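Each residue of the sequence shown is one higher than the one before, starting from 102 at the first, in the numbering used here. Report on the following structure.
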Amino acid sequence: MKGGLRQSMAWLHTWTGLLVGWLLLAIFMTGTSAYFQDEITRWMQPEIHGERDPVAAAEGIVARLGEHEPGAASWSMMLPGKRAIATTAYWQDADSGRGSWRDNSFTVDGTGHRVEARGTLGGFFLYRMHFDLHYLPVMWARWIVGFCAMFMLVAIISGVITHKKIFTDFFTLRLGKGQRSWLDAHNLSAVLALPFHAMITYTGLVTLASMYMPWGVAAVYKDRAEYFADAFGIETTPERSGVAASMAPIGEMIRKAREQWHGADPGYIDISIPGDANATVRMMRGGGEAMGARGQTLIFDAATGHLHTPPAEKGAAFETESVMVGLHAGRYAPIALRWFYFLCGLGGTAMVATGLVLWTSKRRLQLPDPERPHIGFRLVERLNIATIAGLPVGIATHFLANRLLPSTMADRADWEVHCLFIAWGAVLLYGCLRRVRRAWVETLTLAAAAFLAVPIVNAITTDRGLWSSLREGDLVFVGFDLAMLALSATFGYIAWKVHRRPAVPVRKPRASREVAA
102 MKGGLRQSMA WLHTWTGLLV GWLLLAIFMT GTSAYFQDEI TRWMQPEIHG
152 ERDPVAAAEG IVARLGEHEP GAASWSMMLP GKRAIATTAY WQDADSGRGS
202 WRDNSFTVDG TGHRVEARGT LGGFFLYRMH FDLHYLPVMW ARWIVGFCAM
252 FMLVAIISGV ITHKKIFTDF FTLRLGKGQR SWLDAHNLSA VLALPFHAMI
302 TYTGLVTLAS MYMPWGVAAV YKDRAEYFAD AFGIETTPER SGVAASMAPI
352 GEMIRKAREQ WHGADPGYID ISIPGDANAT VRMMRGGGEA MGARGQTLIF
402 DAATGHLHTP PAEKGAAFET ESVMVGLHAG RYAPIALRWF YFLCGLGGTA
452 MVATGLVLWT SKRRLQLPDP ERPHIGFRLV ERLNIATIAG LPVGIATHFL
502 ANRLLPSTMA DRADWEVHCL FIAWGAVLLY GCLRRVRRAW VETLTLAAAA
552 FLAVPIVNAI TTDRGLWSSL REGDLVFVGF DLAMLALSAT FGYIAWKVHR
602 RPAVPVRKPR ASREVAA
């Protein structure tokens with residue numbers, strides 16, 4: 102870091118962006134998709150039809166579990182938000198511990214009737230991937246993502262200092278100018294949504310602040326369990342009395358909860374020791390019902406339906422953290438604001454991608470022999486291909502696997518995820534075996550073909566293809582298929598532009614020029 106402030110910040114901006122750029126691109130890409138994770142999940146479970154009705158779903162689950170699992174240690178259910186239909190129910194065995202999620206769960210539709218939907222993690226997988234990654238221990242993954250987010254924050258701040266013509270760059274996009282075009286695209290995608298990029302990076306760090314900076318909690322609490330009890334109002338599990346008692350109507354408890362939350366619905370319900378006189382019903386407000394993501398929890402007596410004393414109001418620190426998490430997740434956002442989040446997320450993805458390409462475009466001309474770059478430069482080029490083109494191929498393959506894998510396949514949901522990484526790895530290997538220019542054209546074309554195949558395969562394998570969904574007015578399925586077609590057209594256009602781009606003139610190696618002189 103030599104020279105003046107701007108020169109030092111330019112160096113810092115370049116290297117903080119490059120060193121974690123590929124992982125940042127994956128985080129941005131999968132995190133952006135999470136703004137429509139409910140819609141993605143609905144598309145990945147085409148067997149589920151109907152409308153959302155949390156009360157009917159909860160009543161159907163309680164009736165079914167009361168008939169088939171009356172002695173369970175607990176029943177729980179994840180109720181649908183305003184953009185979802187299905188409800189997942191789960192029970193904990195009284196004698197064998199928590200048990201397997203897949204073995205001890207089932208799904209009901211909006212009417213409360215059980216449906217046999219294909220095994221899938223839906224949009225939840227892409228959401229979790231953007232901060233938990235995959236195939237790694239969760240704590241390690243979150244430390245890695247936090248490290249990348251901190252680098253991203255440094256890159257944003259140093260980028261603002263470096264670009265003294267930031268407002269001019271906002272209105273500048275020169276196409277067909279090679280390196281200058283990549284720089285313009287990088288600047289435009291960065292400046293256009295700069296407040297969003299700063300907000301999403303900072304709030305992403307805040308969501309896991311207690312893990313990254315645990316010293317404040319450690320200074321006050323000897324036991325972290327006490328901290329979580331104070332922060333989130335965790336209560337002890339009730340003890341069995343041995344006295345049987347029928348359960349009060351769950352629908353009436355939901356009505357009382359709505360009154361307490363000014364019309365908001367519960368998102369999660371847990372019933373401890375059902376069928377016992379000491380049984381309790383814990384309801385947590387849905388995360389998408391307010392900007393604050395930390396939903397208030399209410400406790401009911403299961404036998405009488407009586408509401409326990411509501412918890413005290415949380416302090417300013419808790420509410421601030423809750424709003425920060427809510428701003429990052431965007432679950433509170435109405436449809437127009439959610440699309441704004443999504444488009445800004447795409448801008449962030451483009452910002453990282455163009456920055457990675459700009460690094461190679463700029464430095465190729467500075468190499469002693471551009472035709473024989475050093476191994477570090479070749480590594481960056483191949484990783485660019487693998488991430489910018491390969492990850493989209495993997496995501497499209499993930500969606501195709503959802504339609505093509507047998508419904509009765511063992512560990513089907515896991516294999517949907519495996520297919521994403523297998524395809525991603527295949528693109529990385531292919532990109533290493535081909536010349537760079539051909540690899541870019543062919544992998545981008547493959548991404549276009551893969552996204553184009555998604556709505557086609559959907560129409561062949563289900564009765565919810567694009568034309569059928571248009572006739573029925575199913576906007577979720579129509580929107581998903583149109584999004585796949587738009588992505589296909591985008592990657593196809595980029596592949597066509599790369600194919601038509603004239604080759605960069607190759608300079609003679611520096612040593613040869615010196616000899617000639």
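Glycine included, every Cβ here is placed at the ideal spot set by N, Cα and C. Small disclaimer: the values here were computed from a predicted structure and weren't measured.
When the Cα atoms are used, what is the spatial distance from L506 to Y136?
Here residue 506 refers to the residue found at position 405 of the sequence shown. Here residue 136 refers to the residue found at position 35 of the sequence shown. About 26 Å.
I'd like to know whether the C-beta of G448 is nearer than 8 Å to at least one C-beta of chain D.
In the structure shown, chain D does not exist; there is a single protein chain.
Is there contact between the segment 395–410 and the segment 345–360, where contact requires at least three CB pairs shorter than 8 Å?
With the cut-off at 8 Å, the segment 395–410 and the segment 345–360 touch.
With H, G and I counted as helix, E and B as strand and the rest as coil, what does DSSP make of W362?
In the sequence shown, residue 362 corresponds to position 261, counting from 1. Reduced to three states, the DSSP call for W362 is coil.
Alpha carbons only, please: which of V382, R432 and T410 is nearest the one belonging to S175?
Position 74 of the sequence shown, counting from 1, holds the residue named residue 175. Here the closest residue by C-alpha is V382.
Mark W440 as exposed unless 16 or more other C-beta atoms lie within 10 angstroms of its C-beta, in which case mark it buried.
As a position in the sequence shown, residue 440 is number 339, starting the count at 1. Under this definition W440 is an exposed residue.
Which residue comes first and which comes last in the alpha helix (DSSP H) that contains D515?
Position 414 of the sequence shown, counting from 1, holds the residue named residue 515. R513 to L534 is the span of the alpha helix (DSSP H), which, as asked, contains D515.
Are there 16 or more other CB atoms within 10 angstroms of the CB of M110, so buried, or fewer, so exposed?
Looking up residue 110 in the sequence shown gives position 9. By the neighbour-count rule (16 or more Cβ atoms within 10 Å), M110 is buried.
Are the Cβ atoms of V494 and A551 separated by less than 8 Å?
Counting from one through the sequence shown, the residue named residue 494 turns up at place 393. Counting from one through the sequence shown, the residue named residue 551 turns up at place 450. Result yes, Cβ atoms of V494 and A551 sit closer than 8 Å.
Under the three-state reduction of DSSP, which class applies to A218: helix, strand or coil?
Locating residue 218 in the sequence shown gives position 117, where the first residue counts as 1. A218 falls in the coil class under three-state DSSP.
In this structure, how does DSSP classify M251 when only helix, strand and coil are distinguished?
Against the sequence shown, residue 251 aligns to sequence position 150. Helix at M251.
Per DSSP, what are the beta-bridge partners of Y328 in this structure?
Translated into positions along the sequence shown, residue 328 becomes position 227. Beta-bridge pairing links Y328 to no other residue.
How far does the beta strand (DSSP E) with R386 in it extend, from its first residue to its last?
By 1-based counting over the sequence shown, the position of residue 386 is 285. It spans T381 to R386 - the beta strand (DSSP E) in which R386 sits, taken as one unbroken run.
With the cut-off set at 8 Å, would you say L545 and V599 are in Cβ contact?
Stepping through the sequence shown from its first residue, residue 545 is reached at position 444. Stepping through the sequence shown from its first residue, residue 599 is reached at position 498. Cβ distance < 8 Å, so L545 and V599 count as in contact.
Assign P435 to buried or exposed, taking buried as 16 or more other Cβ atoms, counted over all protein chains shown, within 10 Å of its Cβ.
By 1-based counting over the sequence shown, the position of residue 435 is 334. The residue in question, P435, is exposed, as its Cβ has fewer than 16 Cβ neighbours within 10 Å.
With a threshold of 7 Å on Cβ separation, who are the neighbours of W244 within its own chain once the five nearest residues in sequence on each side are excluded?
What you label residue 244 is simply residue 143 of the sequence shown in a count that begins at 1. Sequence-distant Cβ neighbours of W244 in its own chain, meaning closer than 7 Å and more than five residues away, do not exist here.
For a minimum of 4 consecutive residues, which ranges assigned as the alpha helix (DSSP H) are wholly contained in the segment 147–182?
155–169
Across the segment 372–386 and the segment 419–438, are there enough close Cβ pairs to call them in contact, namely three or more that are closer than 8 Å?
no
When we look at the beta-carbon of F61 and count the other beta-carbons within 10 Å, is it buried (16 or more) or exposed?
There is no way to answer for residue 61, as the model of the chain reaches only from 102 to 618.
Residues in its own chain within less than 7 Å of L399 by CB, not counting five upstream and five downstream?
In the sequence shown, residue 399 corresponds to position 298, counting from 1. Once the five neighbours on either side are set aside, the close Cβ partners of L399 are A358, Q361, M384, L408 and P411.
For the candidate residues G220, I496, G211 and V555, whose alpha-carbon lies nearest to that of T509?
Walking along the sequence shown from the start, residue 509 turns up at place 408. Closest by alpha carbon: G220.
Can you list, in chain order, the residues of its chain whose CB lies under 8 Å from that of R535, leaving out five sequence neighbours each side?
Taking the first residue of the sequence shown as 1, we reach residue 535 at position 434. Same-chain partners within the cutoff: E543.
Excluding five sequence neighbours on each side, which residues of the same chain lie with their C-beta closer than 6 Å to the C-beta of V344?
Numbered from 1 along the sequence shown, position 243 holds the residue referred to as residue 344. The residues are A378.
Quick one: Cα of M145 to Cα of L567, how far?
Looking up residue 145 in the sequence shown gives position 44. Looking up residue 567 in the sequence shown gives position 466. Each residue's Cα considered, the two are about 14 Å apart.
Might you give, ordered along the chain, the residues of its own chain that have their beta carbon closer than 8 Å to the beta carbon of S73, omitting 5 neighbours on each side?
In the structure displayed, the chain extends from 102 to 618; residue 73 sits before or after that span and is not available.
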